[in-house]
Amino acid sequence: MKITLTINGDVRDFDIEPGKILLDLLREAGYKSVKDGCREGECGACNVIINGKTTNSCMVLAAQVDGADIITVEGLGNADNPHPIQEAFVEAGAVQCGFCTPGKILSTYSLLKKNPQPTDSEIKEALSGNLCRCTGYVKQIDAVKKAAKKMKDSK
Amino acid sequence: MDFRLVGKSAKKIDGVTLACGMPKFVEDVNLINPLYVKMLFSPYAHAIIEEIDTDEAEKLPGVKAIFTHKNVPRIPHTTAGQGFPEPSPYDTYIFPKKVRWVGDRVAAVAAESIELAEKALSLIKVKYKELPAVLDAREAMKEGAPIIHDEADAYHPIGAIYAPDKNLAAEVKAEAGNIDDGIKEADFVVEGTYKAHYANHCHIETHICSGEIDSNNRLVIYTSTQVPFHARRITAQALDIPLKKIRVIKPRIGGGFGGKQEVLLEDICALMVLKTRRPVIVKYTRSEDFISGRTRHEIYTTMKIGAKKDGTITVMDMNVLSNTGAYGSHALTVMSNAGSKVLPLYPCKNVRFHGKTVYTNLPVGGAYRGYGATQAYFAMECLVDELAEKIGMDPAEFRLRNHIKLNETSPIFKALGEGREGNEMYIKSCGLTEAIKKGMEEIGWKEKRARKDTGRYRRGVGMCALMQGSSIPDIDMGAVFIKINDDGSFNMNLGATDLGTGSDTIFAQMAAEILGVEVDDIIVYSSDTDMTPFDVGAYASSTTYLSGYAVIKAAERVRDQIFEVAKEIWEIDNTEGMYLQDRKVCRENYDSIPLSEIACHSLYAHNQHQVAGVKSHITKVSPPPFSAHFVEIEVDTLTGKIKPLEYIAAIDCGTAINPQLSEGQTEGAVANGISYAMWEQYVFNDKGKMLNPSFKNYHIMRTNDMPKIKTILIPTYEPTGPFGAKSVSEISINGALPAISNAVYHACGIRLKEGPFTPERVLNLLEQNNNEN
Numbered sequence: 000m001k002i003t004l005t006i007n008g009d010v011r012d013f014d015i016e017p018g019k020i021l022l023d024l025l026r027e028a029g030y031k032s033v034k035d036g037c038r039e040g041e042c043g044a045c046n047v048i049i050n051g052k053t054t055n056s057c058m059v060l061a062a063q064v065d066g067a068d069i070i071t072v073e074g075l076g077n078a079d080n081p082h083p084i085q086e087a088f089v090e091a092g093a094v095q096c097g098f099c100t101p102g103k104i105l106s107t108y109s110l111l112k113k114n115p116q117p118t119d120s121e122i123k124e125a126l127s128g129n130l131c132r133c134t135g136y137v138k139q140i141d142a143v144k145k146a147a148k149k150m151k152d153s154k
Numbered sequence: 000m001d002f003r004l005v006g007k008s009a010k011k012i013d014g015v016t017l018a019c020g021m022p023k024f025v026e027d028v029n030l031i032n033p034l035y036v037k038m039l040f041s042p043y044a045h046a047i048i049e050e051i052d053t054d055e056a057e058k059l060p061g062v063k064a065i066f067t068h069k070n071v072p073r074i075p076h077t078t079a080g081q082g083f084p085e086p087s088p089y090d091t092y093i094f095p096k097k098v099r100w101v102g103d104r105v106a107a108v109a110a111e112s113i114e115l116a117e118k119a120l121s122l123i124k125v126k127y128k129e130l131p132a133v134l135d136a137r138e139a140m141k142e143g144a145p146i147i148h149d150e151a152d153a154y155h156p157i158g159a160i161y162a163p164d165k166n167l168a169a170e171v172k173a174e175a176g177n178i179d180d181g182i183k184e185a186d187f188v189v190e191g192t193y194k195a196h197y198a199n200h201c202h203i204e205t206h207i208c209s210g211e212i213d214s215n216n217r218l219v220i221y222t223s224t225q226v227p228f229h230a231r232r233i234t235a236q237a238l239d240i241p242l243k244k245i246r247v248i249k250p251r252i253g254g255g256f257g258g259k260q261e262v263l264l265e266d267i268c269a270l271m272v273l274k275t276r277r278p279v280i281v282k283y284t285r286s287e288d289f290i291s292g293r294t295r296h297e298i299y300t301t302m303k304i305g306a307k308k309d310g311t312i313t314v315m316d317m318n319v320l321s322n323t324g325a326y327g328s329h330a331l332t333v334m335s336n337a338g339s340k341v342l343p344l345y346p347c348k349n350v351r352f353h354g355k356t357v358y359t360n361l362p363v364g365g366a367y368r369g370y371g372a373t374q375a376y377f378a379m380e381c382l383v384d385e386l387a388e389k390i391g392m393d394p395a396e397f398r399l400r401n402h403i404k405l406n407e408t409s410p411i412f413k414a415l416g417e418g419r420e421g422n423e424m425y426i427k428s429c430g431l432t433e434a435i436k437k438g439m440e441e442i443g444w445k446e447k448r449a450r451k452d453t454g455r456y457r458r459g460v461g462m463c464a465l466m467q468g469s470s471i472p473d474i475d476m477g478a479v480f481i482k483i484n485d486d487g488s489f490n491m492n493l494g495a496t497d498l499g500t501g502s503d504t505i506f507a508q509m510a511a512e513i514l515g516v517e518v519d520d521i522i523v524y525s526s527d528t529d530m531t532p533f534d535v536g537a538y539a540s541s542t543t544y545l546s547g548y549a550v551i552k553a554a555e556r557v558r559d560q561i562f563e564v565a566k567e568i569w570e571i572d573n574t575e576g577m578y579l580q581d582r583k584v585c586r587e588n589y590d591s592i593p594l595s596e597i598a599c600h601s602l603y604a605h606n607q608h609q610v611a612g613v614k615s616h617i618t619k620v621s622p623p624p625f626s627a628h629f630v631e632i633e634v635d636t637l638t639g640k641i642k643p644l645e646y647i648a649a650i651d652c653g654t655a656i657n658p659q660l661s662e663g664q665t666e667g668a669v670a671n672g673i674s675y676a677m678w679e680q681y682v683f684n685d686k687g688k689m690l691n692p693s694f695k696n697y698h699i700m701r702t703n704d705m706p707k708i709k710t711i712l713i714p715t716y717e718p719t720g721p722f723g724a725k726s727v728s729e730i731s732i733n734g735a736l737p738a739i740s741n742a743v744y745h746a747c748g749i750r751l752k753e754g755p756f757t758p759e760r761v762l763n764l765l766e767q768n769n770n771e772n
């Protein structure tokens with residue numbers, strides 16, 4: 000079946016099997032930032048933003064989201080011109096192995112869009128769907144606060 | 000000591016590319032038209048494969064290769080990625096004829112898609128003859144227990160004690176002084192058994208490996224490993240192919256924690272690539288990671304400690320029973336580290352260690368951050384609290400009095416090594432006294448310890464002291480190659496394995512410090528068996544301490560060569576007084592020479608040669624980092640639920656080369672430790688099958704579970720370490736089990752001796768306590 004997705008602003012057509020999982024479609028289409036950590040909606044490494052909502056792409060059939068607007072971490076910034084959230088994660092020491100990082104950054108992006116000045120407990124709630132085994136989360140929470148400040152200052 | 004770049008929190012050199020999601024992991028490597036491998040695993044804990052029929056599966060269109068025990072080499076080896084010869088028994092075959100746990104390998108299929116490979120697996124017919132199984136480590140050595148390893152050709156490559164006919168995978172004894180005398184001298188003796196349970200590493204990237212044949216007809220393996228060089232060696236051994244045919248590349252890896260110190264998939268990947276001559280990808284699912292990956296060895300530690308009224312410890316006697324599961328990966332060394340990384344914390348002249356590791360028909364143990372120390376600290380640091388209470392001394396004061404200090408030693412350092420005698424060592428840096436004092440202050444120890452809650456919610460504080468090591472003396476080796484480029488930048492190629500820890504970054508800081516350049520002038524390339532010098536890999540808390548020293552030596556060699564070029568340019572006859580600064584060679588009264596000019600002079604102009612150096616490092620000692628952990632918890636005595644509120648880790652890792660990364664290591668280890676103590680567990684049915692192989696049912700800490708976590712770095716200077724550094728990565732996983740157990744005892748008088756600390760366990764103990772009172 001044929002579907003059309005807008006990914007990071009690019010309109011792309013796909014011819015897919017009806018059972019195609021969005022995670023696999025995105026990775027095969029070159030969006031390698033979308034990570035496969037459990038395929039059961041628990042770890043958050045594959046989360047992307049679908050029509051403004053952070054969603055685990057392993058739990059979504061591509062066919063379900065025909066016409067959707069999708070953001071992956073490649074869409075926020077690149078290594079020469081990173082997004083303030085990406086910068087904040089690096090500066091705060093929130094990136095260790097980096098496998099959970101894209102998902103975490105997208106959860107942060109969604110949070111700060113809704114709530115530019117989150118409290119610690121709001122941050123913890125917003126990031127609770129993204130497992131990380133390296134950092135103990137301490138510096139990731141610092142990173143979200145740092146990102147909030149950067150985004151406020153740049154306005 | 001003050002350095003220009005060392006001791007500063009340089010940004011992680013791979014940070015921004017990771018944060019931008021660039022393709023850096025094994026699964027991101029672009030393979031052209033790959034095959035996908037799926038494996039068939041044993042449904043039985045112990046069974047003989049009587050027949051295996053792959054005919055139908057082979058006929059399925061799209062299936063390209065199938066391997067079982069019938070068509071692979073049968074060469075005993077170990078999957079433990081350790082130095083050669085490994086101190087782990089050679090008890091493993093690519094595919095066994097007898098399966099030994101629910102999750103053991105039976106067959107592997109390579110096909111055009113994962114779905115096809117799975118379908119092919121379902122068509123393989125296996126006839127098993129089920130055997131009685133050993134599902135409890137305490138039963139493994141009893142008379143009449145089923146024998147798990149009865150193959151004739153299994154053996155221990157280092158000749159260590161190994162009696163598979165008794166299910167004994169390893170045994171170690173060490174003793175100094177006289178235990179009976181020590182007990183006689185003691186006014187108080189405490190004794191207890193503590194059980195540290197099974198756990199999984201839960202790296203968010205599961206085990207994964209891919210491979211292809213390159214244009215030189217060599218086998219290239221991309222693998223998520225902590226040990227690329229060991230992976231190459233063991234793969235060559237298991238398949239009986241020349242090592243020179245294999246190139247192993249470690250890209251970025253999505254966490255390791257010891258789980259990837261295991262050669263788990265490379266052999267299957269290599270078999271499939273060589274058979275099909277197609278690119279191949281082998282990847283565990285999350286469930287396979289839990290069941291067929293590796294685990295923390297379950298260990299029962301029984302310990303006796305005695306002390307005089309004044310608090311002087313007179314005797315320590317530790318007995319360890321370790322469960323290595325179906326194969327003996329790290330069986331000997333995890334068990335011996337339960338003694339060697341734990342007992343020396345309190346020097347005592349009468350000390351004894353006796354460890355046994357047994358086989359069972361349960362998931363296989365392996366390396367796991369903390370490596371035996373985590374398990375044994377649970378017992379020792381709880382018993383130390385019990386002893387202090389008997390004496391009537393504050394437990395922190397008791398530890399301040401007894402812990403090992405500068406220039407002191409322990410007979411255990413010499414008595415207990417890695418499968419052999421260890422090395423004598425005197426402590427040359429120790430910040431533990433300060434760590435304990437700072438931790439007490441930070442958590443408000445005196446006030447909180449004096450409090451005694453009596454209501455439904457009861458708060459308590461607990462603490463523990465810890466040490467670990469820094470690499471394996473006389474065994475580990477790391478090597479580094481550095482060369483200069485035209486513009487005065489440097490390539491630094493090294494075998495050491497950055498598994499997310501930031502080792503590539505701290506090495507760049509170290510090299511830049513010596514070469515008078517900035518961190519981004521050092522182009523780091525690591526962990527590629529064709530392109531980088533050897534390194535044992537990332538384990539045993541060795542990377543910073545050991546490979547870091549090799550960086551210094553290589554950088555110094557290159558610096559000396561740069562001085563020689565400067566000597567030619569300045570037309571002088573010695574290099575005295577030269578130094579590197581701001582990307583230049585400097586000397587008083589001479590115009591400084593930019594490194595780019597040095598490079599171009601030596602590459603293009605005069606006496607042409609490549610300024611470059613390779614150096615290696617080994618160590619005779621393994622200086623311990625030290626740490627004191629403090630935790631405040633609240634127990635709901637109605638529900639039995641424990642809530643960790645605040646956790647302080649004060650750590651002496653010598654010079655923190657990059658304080659932010661050192662804190663990150665500590666916080667990650669603390670969180671993993673708390674998660675292990677509080678929630679993580681393998682639930683088995685009565686047939687030895689793990690029932691909860693998923694993040695839905697195996698809970699690891701999430702952000703909304705977090706207590707407040709704080710790291711306090713206690714600077715010391717380790718004279719044998721690079722820029723004074725010791726290790727930092729493992730030690731802090733060891734604290735949560737004892738510190739939380741001690742805090743719960745303080746809160747409500749119950750003693751948790753087995754993890755995880757579930758509400759059920761707490762309620763049972765509270766009830767017992769009520770009945771006794």
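Residue numbers (numbering that gives the first Met the number 0), protein chains in the order written: chain A, 0 to 154; chain B, 0 to 772.
Ideal Cβ placement from N, Cα and C applies to all residues, glycine included.
Buried versus exposed call for glutamine 664/B [16 or more other C-beta atoms within 10 Å across all chains shown]: buried
Host beta strand (DSSP E) of alanine 478/B (start-end): 477-483
Contact with chain B by lysine 123/A, beta-carbon distance below 8 Å: yes
Cβ shell of alanine 800/B (< 8 Å), same chain only, five flanking positions each side left out: This structure cannot settle anything about residue 800/B, because the visible part of chain B is limited to 0 through 772.
Assumed close pair alanine 67/A, asparagine 50/A - CB separation to whole angstroms, cut-off 8 Å: 5 Å
Residues of the stretch 688-712 of chain B whose Cβ lies closer than 7 Å to any Cβ of chain A, in chain order: Within the stretch 688-712 of chain B, the residues whose Cβ lies closer than 7 Å to any Cβ of chain A are, in chain order, Ser693, Phe694, Lys695, Ile699, Arg701, Thr702, Asn703, Met705, Ile708.
Contact check, glutamate 555/B vs isoleucine 513/B, beta carbons under 8 Å: Their beta carbons are under 8 Å apart, which means glutamate 555/B touches isoleucine 513/B by this criterion.
Local conformation of tyrosine 603/B per DSSP, three classes: Here tyrosine 603/B sits in helix by DSSP.
Of the residues Thr618/B, Ile435/B, Gly257/B, the one placed nearest glycine 371/B, counting alpha carbons only: Gly257/B
Contacting residues, own chain, Cβ-Cβ under 6 Å from alanine 387/B (five flanking each side not counted): Pro394, Phe397
Between the CA atoms of threonine 332/B and proline 88/B - distance to the nearest angstrom: 11 Å
Interface residues of the stretch 91-102 of chain A facing chain B [CB-CB below 7 Å]: Gly92, Val94, Gln95, Cys96, Gly97, Phe98, Cys99, Thr100, Pro101
Bridge partners - lysine 307/B, DSSP secondary structure assignment: Answer is none; lysine 307/B lacks a bridge partner.
Asparagine 77/A at chain B interface by Cβ criterion, 8 Å: yes
Backbone secondary structure at serine 773/B - three-state DSSP: Any answer about residue 773/B is impossible in this case: the structure gives chain B only from 0 up to 772.
N-terminal and C-terminal residue of the beta strand (DSSP E) that isoleucine 178/B is part of: It is not in any beta strand (DSSP E) - isoleucine 178/B instead sits in the alpha helix (DSSP H) that spans 178-184.
Three or more C-beta pairs below 8 Å linking the stretch 533-546 of chain B and the stretch 575-588 of chain B: no
Length of the line joining the Cα atoms of cysteine 463/B and isoleucine 551/B: Going by the C-alpha atoms only, they are around 35 Å apart.
Anticipated Cβ contact below 8 Å, isoleucine 403/B with proline 343/B, distance rounded: 6 Å
Alpha-carbon to alpha-carbon, lysine 482/B and asparagine 406/B: 39 Å
Span of the beta strand (DSSP E), counted from its first residue to its last, around histidine 353/B: 350-358
Beta carbon of serine 209/B nearer than 8 Å to that of valine 28/B: yes
Cβ-based burial, arginine 457/B [other Cβ within 10 Å; buried from 16]: buried
Cβ of glutamate 666/B within 8 Å of any chain A Cβ: yes
Where alanine 366/B sits in the DSSP three-state scheme: coil
Any C-beta of chain B under 8 Å from that of isoleucine 49/A: no
Test: asparagine 671/B CB closer than 8 Å to a CB of chain A: yes
Identity of the residues DSSP links to glutamate 50/B by a beta bridge: Partner(s): Lys126/B.
Chain A residues whose Cβ lies nearer than 9 Å to that of glutamate 26/B: The CB of glutamate 26/B comes closer than 9 Å to the CB of Arg26, Lys31, Lys34, Asp35 in chain A, given here in chain order.
Own chain, CB closer than 7 Å to proline 737/B, minus 5 neighbours either side, in chain order: Tyr376, Phe377, Glu380, Cys381, Cys463
Residue nearest to tyrosine 358/B in terms of C-alpha spacing, selected from Lys128/B, Ala168/B, Ala107/B: Measuring from the Cα of tyrosine 358/B, the nearest candidate turns out to be Ala168/B.
Neighbourhood of alanine 269/B by C-beta distance below 8 Å, restricted to the same chain and skipping five residues each side: Within the same chain, alanine 269/B has close Cβ partners Gly210, Leu218, Ile220, Thr234, Leu238, Ile240, Ile245.
Inter-stretch contact at 8 Å, needing at least 3 Cβ pairs: the stretch 288-304 of chain B / the stretch 187-206 of chain B: yes
Cβ distance (whole Å) where leucine 415/B is taken to contact serine 339/B below 8 Å: 4 Å
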